[in-house]
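Quick note on numbering: the sequence shown equals residues 0 to 390 in numbering that gives the first Met the number 0. These notes are about the structure you will find just below.
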Amino acid sequence: MTVTEHVDPLNSGRLPDDEPLPVDGVLPLGLDGTFLSACAPPAGSHVSAGALLSGVRLGGGTARWHRATGEPGGRPPGPAIWIRPTGPAEPPPDGPCRASVAPPVRDRAAAEWHTVATYPGLDLAEHLVIGPDGRVLGSRPFALDGAPLMRAVALTDRFVVVFDLPVTYRRAAAMIGEGSPYRWQHGRRARIGLLPRRAGGEAEPLWFPIDPCFVTESVNAHDDGGRVVVDAVRIARAYDTPSWTPGDAAGTSRVHRWTLDLASGTAHERELTGALDQASVDSRRAGSRHQLIFGHAPGGRALVGNDLAADTTQVRALAPGWRAGRPVFVPRGIAEGDGWILVLVRNAALRRAELLVLDALNLTGRPEAVVHLPGTLPDAGHTTWVPAGDH
0 MTVTEHVDPL NSGRLPDDEP LPVDGVLPLG LDGTFLSACA PPAGSHVSAG
50 ALLSGVRLGG GTARWHRATG EPGGRPPGPA IWIRPTGPAE PPPDGPCRAS
100 VAPPVRDRAA AEWHTVATYP GLDLAEHLVI GPDGRVLGSR PFALDGAPLM
150 RAVALTDRFV VVFDLPVTYR RAAAMIGEGS PYRWQHGRRA RIGLLPRRAG
200 GEAEPLWFPI DPCFVTESVN AHDDGGRVVV DAVRIARAYD TPSWTPGDAA
250 GTSRVHRWTL DLASGTAHER ELTGALDQAS VDSRRAGSRH QLIFGHAPGG
300 RALVGNDLAA DTTQVRALAP GWRAGRPVFV PRGIAEGDGW ILVLVRNAAL
350 RRAELLVLDA LNLTGRPEAV VHLPGTLPDA GHTTWVPAGD H
């Protein structure tokens with residue numbers, strides 16, 4: 000393994016953008032684009048305010064460090080990587096509450112993103128359509144009381160899928176600055192809503208009662224005749240104490256499937272996977288039926304691939320001390336899953352980070368390539384792949 004001089008890419012003041020990074024193995028020539036992760040600048044960093052994008056530019060069989068800040072005028076790689084849902088310590092107790100905004104979901108056919116925002120004190124939510132440059136192209140309000148914290152939305156050809164769950168805004172918690180202003184509300188309903196995408200400005204969601212839970216992220220959704228199928232990462236409850244953090248749910252999150260019957264107004268729920276903190280599908284299957292789910296196990300200690308049709312699971316355990324970030328699928332061939340998984344792995348004790356390039360259909364096999372990065376990176380809330388043609 001190649002050993003390189005340690006460089007903190009966020010604070011060193013020197014950025015090795017033009018120097019090829021050391022690589023073990025061979026980078027596939029078909030990988031031509033940039034793997035990006037988004038995070039807030041660390042305290043004391045020379046980076047100006049705003050989201051910090053860092054990652055690796057791959058092309059021609061080489062890898063180079065890439066960094067950019069979210070400055071005005073810079074074209075972002077779609078708003079999905081820039082918008083974060085409301086989290087602990089937001090908003091300040093003596094100021095107005097900002098909206099809770101779910102990470103946008105892309106409609107690939109229209110090159111636009113959809114999300115939902117909830118507003119404390121207004122008893123409404125808003126469906127937002129966002130363009131590639133981050134501008135709001137359209138908005139539709141709909142009735143929703145309690146300002147629930149919405150961590151996820153999903154998209155089918157006919158509907159925007161929204162989650163009205165028992166974690167709601169509590170003004171008292173916000174005023175005294177008691178951690179997050181959101182709390183688990185005992186006895187509050189839990190339901191999934193289907194907001195018609197083409198029904199005009201007055202449309203309201205069709206609501207389907209479900210068992211109380213909290214959804215941390217959507218995986219996929221699709222129309223199935225008179226039904227809608229929704230897959231999402233689910234935990235039993237969240238924000239039930241002032242000090243609650245996502246780590247408190249470690250080992251309990253799993254992908255669940257809700258099948259919503261439009262005729263009867265009922266929802267059937269079942270568990271699809273073992274413990275997964277994060278999960279996604281082949282991006283080309285977004286909004287349609289899928290067979291494969293990729294994700295990582297609690298704490299990022301392993302990468303996991305689930306084949307729902309074959310009822311098989313691949314598990315790639317990482318070495319002690321190493322933790323995986325959010326994996327990204329990059330297509331190669333036509334068939335579902337024919338592509339690569341790119342994932343950033345870190346070892347905080349060793350102050351090392353690597354980008355793994357894995358065959359998505361053979362996660363347990365030898366990596367096709369390992370890119371050694373110049374130092375450690377902070378946790379990233381979002382990762383994405385930007386093809387070279389989209390730069």
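Built from N, CA and C at the ideal position, the CB exists for glycine as well. The structure displayed is predicted, hence computed values, not measured ones.
Enclosing beta strand (DSSP E) for residue i [first to last residue]
i, result
"E111", "E111 to T117"
"T244", "Element bounds for T244: n/a, residue is neither H nor E."
"V104", "V104 to D106"
"T363", "From DSSP, T363 is part of no beta strand (DSSP E); its letter is neither H nor E."
"V385", "H381 to P386"
"A278", "Q277 to S279"
Residues near residue i in its chain [Cβ-Cβ closer than 6 Å; skip 5 each side]
i, result
"E70", "Its pLDDT being 46, under 50, E70 is placed unreliably in this model, and the value from its coordinates should be taken loosely. So no residue of the chain qualifies."
"G137", "V128"
"P297", "A249, G250, A274 and D276"
"A48", "Note on A48: pLDDT 40, under 50, position unreliable in the model; the coordinate value appears next. Counting only Cβ-Cβ distances below 6 Å, and skipping sequence neighbours, we find nothing."
"R269", "R256"
"L261", "G225"
"L30", "L57"
"P140", "L123 and E125"
"A348", "G320"
"A202", "P195"
"T312", "N305"
Check whether residue i and residue j have beta carbons under 7 Å apart
i, j, result
"V135", "L143", "no"
"I234", "F213", "yes"
"V254", "V228", "no"
"G336", "A359", "yes"
"L193", "G286", "no"
"L20", "V370", "yes"
"R322", "R345", "yes"
"G338", "P330", "yes"
"A62", "V22", "yes"
"T215", "R150", "yes"
"P103", "T114", "yes"
"V314", "A334", "no"
"R283", "H221", "no"
"P319", "F293", "no"
"V280", "S252", "no"
"A278", "Q290", "no"
"A352", "L372", "yes"
"G304", "L343", "no"
Cross-strand partners of residue i (DSSP beta bridge)
i, result
"V254", "V232"
"I340", "F328 and L357"
"D23", "V369"
"L259", "V227 and A266"
"G304", "F293 and Q313"
"M238", "Residue identity check: residue 238 is Tyr in the sequence provided, not Met. Beta-bridge pairing links Y238 to no other residue."
"I129", "W112 and V135"
"L57", "G32 and A62"
"G322", "In the sequence as displayed, the identity of residue 322 is Arg instead of Gly. Its beta-bridge partners are R345."
"T167", "P147 and R182"
"V271", "Reading the sequence as shown, one finds Leu at residue 271 and not Val. BP columns for L271 are empty, so no partner."
"A334", "According to DSSP, which records beta bridges pairwise, A334 is partnered with nothing at all."
"R351", "N346"
"S99", "T117"
"A285", "Per DSSP, none; premise fails for A285."
Cβ-based neighbour list, residue i, same chain, cut-off 7 Å, excluding 5 preceding and 5 following
i, result
"P165", "W183, Q184, R187, A189 and P211"
"V385", "G32, T33, L35 and P76"
"P366", "G24, L355, V356 and L357"
"P147", "T117, D163, L164, V166 and T167"
"G94", "Caution is warranted here: a pLDDT of 41 is assigned to G94, below 50, making its placement in the model unreliable, and the coordinate value is therefore given only provisionally. The answer is none, since no qualifying residue turns up."
"G264", "F207"
"R107", "A285"
"R196", "R157, F158 and V159"
"V2", "In this prediction, V2 has a pLDDT of 26, which is less than 50 and means its spatial position is unreliable; what the coordinates show is noted afterwards. Here the set comprises nothing."
Same chain, Cβ closer than 8 Å to residue i, neighbours up to 5 away in sequence not counted
i, result
"D239", "R182 and W183"
"A172", "G178, S179, P180, Y181, R182 and P241"
"D17", "R63"
"A266", "I191, F207, P208, I209, W257, T258, L259 and D260"
"L26", "L57, G60, T61, A62, V356, E367, A368 and V370"
"A316", "R300 and A301"
"G364", "L357 and D358"
"L121", "A146"
Item to check | Complete runs of the beta strand (DSSP E) confined to the stretch 138-165 [at least 3 residues] | outcome: 158-163
Next on the checklist: Ignoring anything shorter than 3 residues, give me the beta strand (DSSP E) runs that lie fully in the stretch 172-231, in order along the chain.
Outcome noted: 181-183, 190-195, 205-208 and 213-223
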